[in-house]
Amino acid sequence: MEVFGKIIVLNDTETVGTNGFEKRLIVIETEEQYPQKIPVDFVQGKVNLLDNFLIGEEVKIYANVRGNEYNGKYYIQLQGWKIEKK
5 MEVFGKIIVL NDTETVGTNG FEKRLIVIET EEQYPQKIPV DFVQGKVNLL DNFLIGEEVK
65 IYANVRGNEY NGKYYIQLQG WKIEKK
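Using this note's numbering, you'd call the opening residue of the sequence shown number 5 and step up by one each time.
See the structure below:
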């Protein structure tokens, strides 16, 4: 899946858990009649792909849709694997 928008949040890399799992969150705002704020996680070896991007830049993100269940509730996550300037 591809999403287009302007970067509005670009977090630092964080390490989660005892196994050293790394993730980095980016949020883009789409350019539609009703703009959406879309969070995308980059994980493990993909976190460094965000190093050359800044808040305010227009980007195109390639992501996979992930889903899981926890205590009877279902969650969706976008996991980025490529990003490029628009």
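Just so it is clear, CB atoms sit at the ideal spot from N, CA and C, and this is done for glycine as well.
Predicted model only: the values in this text are computed from it and were never measured.
Cβ neighbours of residue 9 within its own chain (closer than 6 Å, five residues either side excluded): 32, 33, 34. The stretch 29–62 contains, as complete beta strand (DSSP E) runs of 3+ residues, the segments 41–47 (chain order). Rounded to whole angstroms, the separation of the alpha carbons of residue 22 and residue 47 is 15 Å.
The straight-line gap separating the alpha-carbon atoms of residue 25 and residue 49 is approximately 10 Å. For residue 86, the uninterrupted beta strand (DSSP E) segment begins and ends at 77–89.
Residue environment for residue 28: buried (at least 16 other C-beta atoms within 10 angstroms of its C-beta).
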